[in-house]
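Mapping the sequence shown onto full-length UniProt numbering, position 292 (from 1) lands on 292, and the numbers just tick up by one.
Note that beta-carbon positions come from the ideal geometry of N, C-alpha and C, so glycine has one too.
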Amino acid sequence: MIEQTGARADGAAAEPTRSGEGPQPYPLTPLQHGMLFQSLRAPGSGVDVEQVVCTLREAVDEDGMRRAWTTAVSRHDVLRTRFAWTGMPEPMQVVQAEAAPDLAVHDLAGPGFGGGLERWLEEDRARGFDLARDPAMRLALFRRATDEWVLVWTFHHVILDGASVAHVLREVFALYDQDADAELPARRPFRDHVAWLRERGSAEDEAFWTEWLRGVSAAEPLRGARALARDPAAEPPSGVREMRLSLPATAALRAFEQEQGVWLSTVVQAAWALLMGRCTNRRDVVFGAVRGGRATGMDGAEGMVGMLINTVPVRVLLRDDARVIDWLDELGDRLSALAEHEHAALSDVARWSGIAPGAVLFDTILDYQPRPFDAELGGAWTARELRVLRRTGFPLAMAVTGETPLRLRLDYDAEHFDAVSAERMLERFATLLERIAEDPDQRLGDVDPLPPAERRMLLHAWNQPETRLPATRTHLLVAEQAARTPDALAVACGGERMSYGELDARAERLARRLAALGVGPEVRVGLCLERGVEMVVSVLAVWKAGGAYVPMDPDAPAERLAWMLRDCAPAVLVTQTRLAAALPPHGGTTVLADGAWDEEQDADVSLPPASAGPDELAYVIYTSGSTGTPKGVAVHHGAISSHVRSATDALMTGPADVGIVQAAYTFDMWMLEVFPPLVSGGSVRLLASGELLERERVPAALAGGTLLTAVPAMFRQVVEAAADAGYGALSALRHVIIGGERVPPELLADLRRALPAGAVLRVLYGPTETTVVCTGWTVPADGRVEGHPIGTPLPGLRAYVCGAGGTLLPAGTAGELWVGGLGVTRGYLDRPALTAAAFVPDPFGPPGGRLYRTGDRVHHRSDGTLEYLGRVDEQVKIRGFRIEPGEVEAVLRRHPGVTACAVVGRDDGPGGTRLVAYVTGDAGAGELRPFLRRTLPGWMVPSVFVAVDRLPLGANGKVDRRALPAPPPAAAQAEHVAPRTEVERVLAGIWAEVLGLERVGVRDDFLELGGHSLLATRVVARIRAALEGRVTVASLFEHPTIEQLAPLLAERAAAPPADPAPGLADRTPQQLLSQMDQLSDEELDRLLASHS
């Protein structure tokens, strides 16, 4: 008998182990190990706590029900089992000799049930079980009326699987209905199954699973794309959606099974794999399959009561060009081969797969049962209703039962999915089942998971209808405004002010000069100007002459300017006197915007008519190219006119507006700042370059401004400067736009608090290729922002999330954003191949349309909002893990000692690709590494932290990642360092023994060496036996190297590593549970990954 002390939940001392224990304790199955650790991790989560809820429309004999359950509990050891683990090398199942079930009886109409039965059920699941103290089941009986009762059987999944639940219920109600006359079958004890598992050899399993999973990657997080974060007060932590497949669809699947010779179970698993592939945009899919575990060849296994099931990874390769029937046949053969190895421990399978320590192979599970577990309860069950409530601990768990019609049940984690997104997932699965059965000869790539309603939603409901391009060009709208209010202020810069009349007149004079020099439709005019009113004058002049302008930064390197001049070959270059001499040579004519010329000779020059078409070129803006040379984006008049029209409507600009212009005119956000005010009678104020980056100048720069647009780096300075000045500088702002790159949620919250209550704060997104911006999202008044929403398409634009080959992806699935509509530009100047690659035919819109492939990874939230996830080409893969640097950056920014950061993958150090964090602020690596580990899995924590004074910014205000310096040599990972002290030598010996290694260095990471949950507990037990210092599992995961762990232990002579000492028994289960609570969620995820 194993003596054990426990701890009560209220902190009082627990009773010692009773002397009347039953049979000898026996070990756990591998799956039970995982469930035990899960219960220790989150005792109030309700994970793996199940409830069978039976509605009995009959008068219930309470004493008879109690007798029936007492007999059933006495027959089955698992119903009297608790778990013990302290003072022993591994957890054990301890069977109590007697355990009379406590049947609590309640009146639903009585006091204490104001919240109703459902609230009680939720609270009962959250209670969980003290698995070390008592058997893991309890009973409650609720009276609704004399002839209507509800029986609730709550138990922990660690003791029972679905088939066993049916066995127990069948016995209980046979005993209840027939009392002592019931004949019950003899059942073999569960411990025999455990013994059989322990005797199995693993060599054949290892060979099979190593080959089955060769080259597999760790599971990527499945994105549920909730519209809003879960409110714990209003929504439970998990939910369930159920549906019945239609009778015709069920019949078609049965016919397919018979005609094609493919088991329905294979079709169900194939459909789930296909759905997961479509929803993760992957071609190599792994999900967990629940296997019954009873096909062991052991007599009596089918009738056992216990936890016989196992969850194993099923790997499915999705080949678009394969015939569906060929693919199904191949999958069926692979599943048949798997059956002989379905009993292997998941921790072993994960290790054999070669994925990194602590990683998980799958995060969804599928359970197919040919018939429901209550199908053979019989007797009075025709008048009794039964339902099962559970929380699996996985983001998604699909259960399919092969009744008629087919029943589908989807349990979901409400932290990842809301009811809407879960319902869509269920409908897609049903759609795939139907479509697979439609045609065995169809291509796999043609099997569409989207139900018709969701396809209509993605194509139409979540997009803006495309209207006709505006008939009036932007410069003509400015001219019309000048005719209405010639004396009103139009443009100001420093001490220079220009009215509408002056602006239009000067633009007209310059336009005639340009036209005299041959400028007209499709003729490019270079502009190389310093910030000032001449910028606005020159842009309007080029448009009035019918040409297209090409903005150039006079401060750009001469080599870049020379390259642009050669590439765009302007017929005319407009510049200023003080710049002209320094410009590179070019083949066009130079015109000085601040110079003089004979205007009389231009008096007879004609300008293009107002009726000129919308397809003519308006401007060319150069953006950085992935090849290292800039590429010119050619934008036509219809696109920019459409943008100005929609922006003017959205901003509701008018004569009272003062637009603050801080962007460079080589950045297309300048268009959004300048022209909406100018076409509606307002004015614009051009700030000096970088003026908003000087905090002391911010109040004066923004004084009186009503419209402000900037990138995040600028707005951080604005918020801090405004705080210093008491926020008065922002008091006139009524519409604020932030965009240009990923916007940190905390900056949006700070900015929302700093703005006047009535001001609108919008996040706008859009690459130059879609004309300034294409989507927008309004920040809520409370400033609460989750993730990086970029909103919905603006008027006249359409947005699609696409996979490989332009496949329309389901809502919630991460893919590339493709944009169509009025804002899509011509393409890249004189780059036909590059244009063809990025601007593709539109299969979803009107004939002849095109879509621009943005290269940005996004997904739709459940309400249609697009969320930005990062660049397709920024994704980093390290040790098999795909990492979005932006996700790491978002967590880093939460640290109070970090003012700015950038995370990149670098290949210029030892050991392959490393994740490197560049940080400004006071926090060092010693603070940041544990801070990140509290939120992120270990593989997402940068291996190197580089302190920098500031992050390099490009001309557009975005972080220039190419300019980040290489980490200094001191930051490189150290090589093997041998133990230096007695404590370090003892720890190294323990680690080497438990991990089966020849040597361990003091800087080696426990998880990277192959450590996991069970090994962690063994290491902790041996440390406490060998050294008097106290150490917990939490300590080991917070200090995963010997160099970090050793200082926590007393420096003293140590005994050699030995079996755990009896003194370990003073650690109660509640203490262990408390210690495990000290771990962060992600650290515990890693702890549990190998056994969940």
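Between the CA atoms of residue j and residue i - distance to the nearest angstrom
| i | j | result |
| --- | --- | --- |
| residue 38 | residue 118 | 24 Å |
| residue 1113 | residue 351 | Nothing can be reported for residue 1113, as the shown portion of the chain is limited to 1 through 1092. |
| residue 851 | residue 36 | 52 Å |
| residue 347 | residue 335 | 20 Å |
| residue 691 | residue 605 | 40 Å |
| residue 840 | residue 821 | 13 Å |
| residue 1165 | residue 641 | Residue numbering for the chain in the displayed model covers 1 to 1092; residue 1165 lies beyond these limits and cannot be assessed. |
| residue 1052 | residue 925 | Residue placement at residue 1052 is poorly supported in this model, since its pLDDT is 38, which falls under 50; the coordinates are not used for a value here. |
| residue 853 | residue 464 | 18 Å |
| residue 511 | residue 526 | 14 Å |
| residue 344 | residue 227 | 39 Å |
| residue 482 | residue 490 | 9 Å |
| residue 653 | residue 761 | 15 Å |
| residue 276 | residue 1026 | 48 Å |
| residue 830 | residue 608 | 25 Å |
Best match in the options for proximity to residue i [C-alpha to C-alpha]
| i | options | result |
| --- | --- | --- |
| residue 768 | 824, 716, 785, 820 | 824 |
| residue 594 | 532, 751, 121, 150 | 532 |
| residue 496 | 686, 416, 82, 1041 | 686 |
| residue 304 | 435, 265, 168 | 168 |
| residue 726 | 145, 703, 738, 421 | 703 |
| residue 738 | 728, 732, 779 | 779 |
| residue 904 | 914, 668, 516 | 914 |
| residue 874 | 891, 892, 855, 859 | 855 |
| residue 827 | 668, 636, 766, 959 | 636 |
| residue 60 | 193, 148, 111 | 148 |
| residue 466 | 741, 799, 29 | 799 |
Bounding residues of the beta strand (DSSP E) (the contiguous stretch that carries residue i)
| i | result |
| --- | --- |
| residue 727 | Here residue 727 belongs to no beta strand (DSSP E), and DSSP marks it neither H nor E. |
| residue 818 | 815-821 |
| residue 369 | 364-369 |
Contact under 8 Å by Cβ, residue i with residue j
| i | j | result |
| --- | --- | --- |
| residue 713 | residue 953 | yes |
| residue 1049 | residue 1031 | yes |
| residue 1002 | residue 986 | no |
| residue 140 | residue 129 | no |
| residue 807 | residue 864 | no |
| residue 474 | residue 286 | no |
| residue 869 | residue 814 | yes |
| residue 249 | residue 434 | yes |
| residue 659 | residue 677 | yes |
| residue 783 | residue 752 | yes |
| residue 961 | residue 902 | yes |
| residue 412 | residue 440 | no |
| residue 82 | residue 96 | yes |
Where the alpha helix (DSSP H) through residue i begins and ends
| i | result |
| --- | --- |
| residue 353 | 346-353 |
| residue 254 | 247-260 |
| residue 774 | Per DSSP, residue 774 belongs to no alpha helix (DSSP H) and is neither H nor E. |
Three-way DSSP call (helix, strand, coil) for residue i in this model
| i | result |
| --- | --- |
| residue 309 | coil |
| residue 40 | helix |
| residue 478 | helix |
| residue 148 | strand |
| residue 920 | strand |
| residue 176 | helix |
| residue 662 | coil |
| residue 844 | coil |
| residue 50 | strand |
| residue 431 | helix |
| residue 396 | strand |
| residue 865 | coil |
| residue 304 | coil |
| residue 322 | coil |
| residue 68 | helix |
Heavy atom of the ligand ZN within 7 Å of residue i beta-carbon
| i | result |
| --- | --- |
| residue 388 | The ligand ZN is not among the ligands present in this structure, which contains no ligands whatsoever. |
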